[in-house]
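S.K.:
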Amino acid sequence: MFDSGDMGGIVCSIEYNGRAFVVSLTRLGAKQDHPLNKRILDYQRHRVNKLKST
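No gaps in the numbering here: position 54 of the sequence shown is 54 in UniProt numbering, and each next residue is one more.
Below you can see the structure in the form of structure tokens.
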């Protein structure tokens, strides 16, 4: 995970079979029982509100 700045926000990179998949945390879904689910949802709400205000 890394912060790509205002344009992309926090992104998650996963490598599989020699290929990298990168997705913005704003668009990433997590299962309700995932330990970071609440923090992800909080970030997504904050990010969407920030994008709406710009």
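Note that CB positions come from ideal geometry on N, CA and C, so glycine has one too.
Please report how far the alpha carbon of Ser24 lies from the alpha carbon of Ala30, in whole angstroms.
M.R.: Near 13 angstroms, if we compare the C-alpha coordinates of Ala30 and Ser24.
S.K.: Express the C-alpha separation of Lys52 and Gly18 in angstroms, rounding to a whole number.
M.R.: Roughly 36 angstroms between the two C-alpha positions.
S.K.: What did DSSP end up calling Val42 once you bin it into helix, strand or coil?
M.R.: Note on identity: in this sequence residue 42 is Asp, with Val being the wrong assignment. Asp42: helix per DSSP, three-state reduction.
S.K.: Looking only at its chain, what residues have a beta carbon closer than 6 angstroms to the beta carbon of Phe21, apart from the 5 residues adjacent to it on each side?
M.R.: The residues are Ile14.
S.K.: In the DSSP assignment, what residue or residues form a beta bridge with Val22?
M.R.: BP columns for Val22 point to Ser13.
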